[in-house]
Every structure is written in C-alpha cells, then in structure tokens.
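Structure first, then comments.
In my numbering, the protein residues as written are 405 to 827.
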C-alpha cells in the first residue's frame with residue numbers, strides 16, 4: 405500500500421502542531437490591522453428577493469422555459485399597472501393570494517395570448533427547493549453580526565394562504581424585519597425606509613442597504629443611506645467588505661469553490677449530516693473543495709458549529725481495488741485508536757445514493773499544509789521543530805501493532821522495495 409498517501413494527513417497534522425505557535429502569532433498580528441465594526445456604519449439592511457434568495461424574475465425566466473410560456477411574460481405582468489397593479493397590491497397586503505392569482509393570471513394570459521398557469525409559478529416561487537437563502541449571503545450576515553453591527557431585512561413581501569408572510573429566512577439572524585404586506589407600504593416609498601431606520605434606532609448615514617432594483621436604491625440614497633446594487637452576491641459582498649473594512653467570508657486555506665465536474669448533491673448531503681450529527685444542527689451548509697487530495701476528491705464542510713472533511717471516490721467507472729475509501733477509513737480509525745495523531749474519523753457511508761459514491765467524514769484540523777519539503781521561508785529553528793515533529797509521528801506510525809489494530813491483512817508481504825520506490 406502507498407503509506408505516503410494514506411498517512412499524509414497525520415504528517416500534516418504533526419507539522420501543524422509544531423508550527424502552531426508561529427501560526428497563531430501571524431494571525432494575531434493580522435488581527436491588529438483588522439478594523440472592527442467601530443467605523444461609521446452600524447447596520448446592514450438587506451432586501452430579500454434577488455439579494456438573500458432568488459428574485460421572482462430569475463425564477464420566472466426558468467419557469468417560462470420549462471412551461472413553454474413566452475419569455476418575459478411573468479416579469480411584464482408583475483410590473484403592469486404600476487402602483488395599482490395586482491403585484492403591488494399583493495405586496496401591500498391589500499388583496500389575498502387567491503385574488504392576486506386570479507387578477508395576475510388574467511394579465512399574463514392577455515399578454516401572452518395563451519393560458520398561463522400562474523398558480524404553478526407561485527408554487528415554484530415559494531417552494532423550499534427554490535426559495536433557499538444564498539449560503540454566501542448568510543455567511544456574510546453571520547460575520548456582520550459577529551462584529552457587533554445590526555442586521556435587518558427590508559422587503560416588499562406578501563402573505564401566504566396560511567396567513568403568514570413569505571419569509572424563508574432565520575429571523576434570529578436579524579435585529580429588525582420590515583415587510584411591506586405587514587406595514588401597508590412598499591419600496592420605493594420613503595416611509596418604509598424611515599420605519600426600518602426607526603426600529604434600528606439609527607440615522608440614515610449609519611446604515612448600508614443592499615437591493616437588486618435601482619429605483620429602490622435611489623429612494624434609499626435620497627434619504628442618506630449608503631446603497632449597494634446586487635447584480636450577483638459575490639460582487640456585492642466585495643463592495644460591502646470594502647465599506648465595512650473587514651472580510652465577510654470565512655477563509656479556509658487551500659480550498660476553492662467546488663469544481664463543476666466534482667459537484668455533489670448538497671440537499672441529500674445536508675439531510676445525511678443532520679441525521680448523523682443530530683436534529684439540533686442548524687445553519688446553512690457550506691461546501692468547498694480542497695485543491696489537493698485529488699486522487700480521492702476532498703471537501704471542506706461547515707454546518708452549524710461543525711467543521712468536517714469529506715473524502716469520496718471519484719465519479720465514473722473504477723477498478724474494484726482503486727480509490728479504496730473504505731480501506732482508508734479503516735486505517736485512519738485504527739491509527740487514531742492506537743494513539744497516532746490523525747483527525748478523528750466520524751463515519752463511513754457506503755451508500756452511493758447519498759452523493760453518488762461512497763465517502764467518509766472526519767473532523768477538520770486547521771493548520772498549514774507544506775507542499776515543499778525544504779520549508780522555504782522558515783528559520784532553521786522552525787524547520788528543525790517541524791522535522792522533529794514529523795519524525796515523531798513517523799515513529800508512532802511504524803510502532804503500530806498491525807495485528808492488534810486489525811490492519812495486518814492490509815499489507816502486502818515482500819513488496820517493501822516497490823513501496824519505497826513509489827515514494
């Protein structure tokens with residue numbers, strides 16, 4: 405077996421332990437230069453549709469294609485009639501959902517000269533599968549609140565048949581929630597912005613407002629609120645970071661967004677994780693891919709307070725003995741039980757129905773990954789400490805009683821030369 409590959413994690417863990425003091429000092433120095441929420445801004449106000457969740461226009465465009473409706477029908481009907489149109493009356497809480505769908509349906513059918521199943525569109529718009537908060541935005545909100553700033557939602561919104569407003573968000577993440585259907589007034593009416601500021605207890609100049617519609621931003625800016633137009637979440641957050649003076653995203657070293665060819669179904673993974681970790685686990689699932697460990701794709705996961713690493717078999721047809729995730733899990737678990745400093749492994753899932761291939765989970769260990777064994781840029785004393793820690797772990801690995809740990813059947817007798825040469 406290739407010991408280098410199987411035991412890469414424990415070696416990195418040992419190097420990280422030896423280098424921890426240097427690493428902590430570096431981060432403490434960085435924090436001294438980080439500006440906290442003590443600047444001119446004391447709150448960030450978010451629109452909902454188009455900022456925190458997909459906008460009605462975005463949902464409509466895809467729905468029209470799937471249902472063979474002329475492109476733009478829904479969006480044109482939404483803005484038809486202006487302030488007195490069915491959509492705006494629905495947003496102000498002046499008509500029920502049923503009344504809205506009937507009037508809105510007539511507008512759509514008249515424009516497209518065909519029957520438009522608007523109830524189907526409304527069901528999709530408000531479904532759990534579509535109305536899911538953007539993870540990057542929810543992470544930003546967490547970071548904003550951690551810095552002591554207030555957060556608010558200011559949304560043109562509507563009532564559902566249940567009598568409750570449509571708000572697929574965690575209310576505990578916001579100090580103030582202002583919804584047009586409850587207040588009887590919609591953006592861009594200045595009154596609704598003033599109401600939000602009043603409930604926040606702030607002046608206009610102390611807040612930043614994010615929206616995807618220019619007319620709503622113009623009205624906010626006229627009151628003295630700083631505004632950011634959201635065309636896409638990533639770009640908007642970069643602008644928000646510049647204004648606030650601190651990062652809004654948790655930086656995980658050596659990771660990147662998941663490659664298109666390596667995407668895994670997040671919904672089924674999230675359900676599996678919540679069942680495994682406990683129903684009390686809440687929050688948005690964050691998924692990144694490590695830029696190393698590509699033989700078996702490796703992912704960083706954050707869910708609630710849990711930080712995990714997932715290793716899986718690559719997609720496609722594989723040889724029976726290739727990419728033995730099951731064997732890797734067994735070895736890591738046995739080494740941990742034998743006192744070797746490896747991340748704690750949590751669970752092996754052999755059900756390919758969850759994410760497409762078998763995988764296993766272990767705890768995430770923050771640290772430094774050294775790709776150049778000469779350790780350039782470090783002082784000789786630091787290199788010596790890291791090499792000593794590495795050798796100490798190697799000694800522990802080679803001292804493991806294979807028979808006692810049940811690993812004896814994993815080795816191939818008489819192939820030591822080939823194994824060493826493969827290094």
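For every residue, glycine included, the Cβ atom is placed at its ideal position computed from N, Cα and C.
Since the structure is predicted, the reported quantities are computational estimates derived from the model, not experimental observations.
- Its chain contains 554, 555, 556, 604 as the residues whose beta carbon lies nearer than 7 Å to that of residue 579, once the 5 sequence neighbours on both sides are disregarded; these appear in chain order.
- Relative to the Cα of residue 745, the nearest Cα in the group 765, 501, 793, 545 belongs to 793.
- Under DSSP, residue 580 shares a beta bridge with 556.
- Looking at the backbone, the Cα of residue 786 and that of residue 801 are separated by about 23 Å.
- Around the CB of residue 635, fewer than 16 other CB atoms lie within 10 Å, so the residue is classed as exposed.
- About 13 Å separates the CB atoms of residue 566 and residue 585; that is not less than 8 Å, and the two are not in contact.
- Three or more pairs of CB atoms, one per stretch, sit closer than 8 Å, so the stretch 695-704 contacts the stretch 649-668.
- Contact between residue 539 and residue 511 does not hold, since their C-beta atoms are separated by about 35 Å, which reaches or exceeds 8 Å.
- Within its own chain, the residues whose Cβ lies closer than 8 Å to the Cβ of residue 445, once the five positions on either side in sequence are excluded, are 553, 610, 611, 612, 630, 647, 648, listed in chain order.
- The C-alpha of residue 671 lies about 42 Å from the C-alpha of residue 778.
- Residue environment analysis places residue 497 among the buried positions, since at least 16 neighbouring C-beta atoms fall within 10 angstroms of its C-beta.
- The residue among 681, 465, 633, 806 with its C-alpha nearest the C-alpha of residue 711 is 681.
- Runs of the alpha helix (DSSP H) spanning 4 or more residues and lying entirely within the stretch 614-654 occur at 618-626, 637-648, in chain order.
- Inter-residue distance for residue 813 and residue 645 is about 54 Å (C-alpha atoms, whole angstroms).
- The alpha-carbon of residue 592 is positioned some 60 Å away from that of residue 740.
- Taking the Cα positions, residue 452 is about 10 Å away from residue 535.
- Per the Cβ contact rule, the stretch 727-738 is in contact with the stretch 751-771 (3 or more Cβ pairs under 8 Å).
- Residues 477, 480, 481 of the same chain have their beta carbon placed closer than 7 Å to that of residue 515, with the five preceding and five following residues left out of the count.
- In the DSSP annotation of this structure, the continuous segment of the beta strand (DSSP E) that includes residue 767 starts and ends at 763-767.
- Taking each of 689, 658, 687 in turn and checking the Cα distance to residue 775, the smallest one comes out for 658.
- For residue 691, there is no enclosing alpha helix (DSSP H); the residue is found in the beta strand (DSSP E) stretching over 690-694.
- Inclusion of residue 544 and residue 691 in the CB contact set at 7 Å is not warranted, their separation being larger than that value.
- Separation of residue 492 and residue 509 (C-alpha to C-alpha, rounded to the nearest whole angstrom) is 15 Å.
- Residue burial is scored here from C-beta neighbours: residue 748 has fewer than 16 other C-beta atoms within 10 angstroms and is therefore classed as exposed.
- Taking each of 716, 607, 742, 758 in turn and checking the Cα distance to residue 676, the smallest one comes out for 758.
- Fully contained in the stretch 728-792 are the following beta strand (DSSP E) runs of length 3 or more, in chain order: 749-753, 763-767.
- The alpha carbon of residue 448 has as its nearest neighbour, out of 499, 519, 729, 549, the alpha carbon of 549.
- For residue 808, the number of other beta carbons within 10 angstroms of its own is below 16, and it is reported as exposed.
- Straight through space, the alpha carbons of residue 581 and residue 687 are spaced by roughly 19 Å.
- Secondary structure at residue 597: helix, using DSSP grouped into helix, strand and coil.
- Boundaries of the alpha helix (DSSP H) around residue 681: 670-681.
- Judged by DSSP secondary structure, residue 549 falls within the alpha helix (DSSP H) whose first and last residues are 539-550.
- Rounded to whole angstroms, the separation of the alpha carbons of residue 768 and residue 561 is 40 Å.
- Where residue 477 is concerned, the enclosing alpha helix (DSSP H) starts and stops at 477-483.
- Taking C-alpha positions only, residue 588 is separated from residue 564 by approximately 16 Å.
- Closest by C-alpha distance to residue 719, out of 526, 474, 464, 760, is 760.
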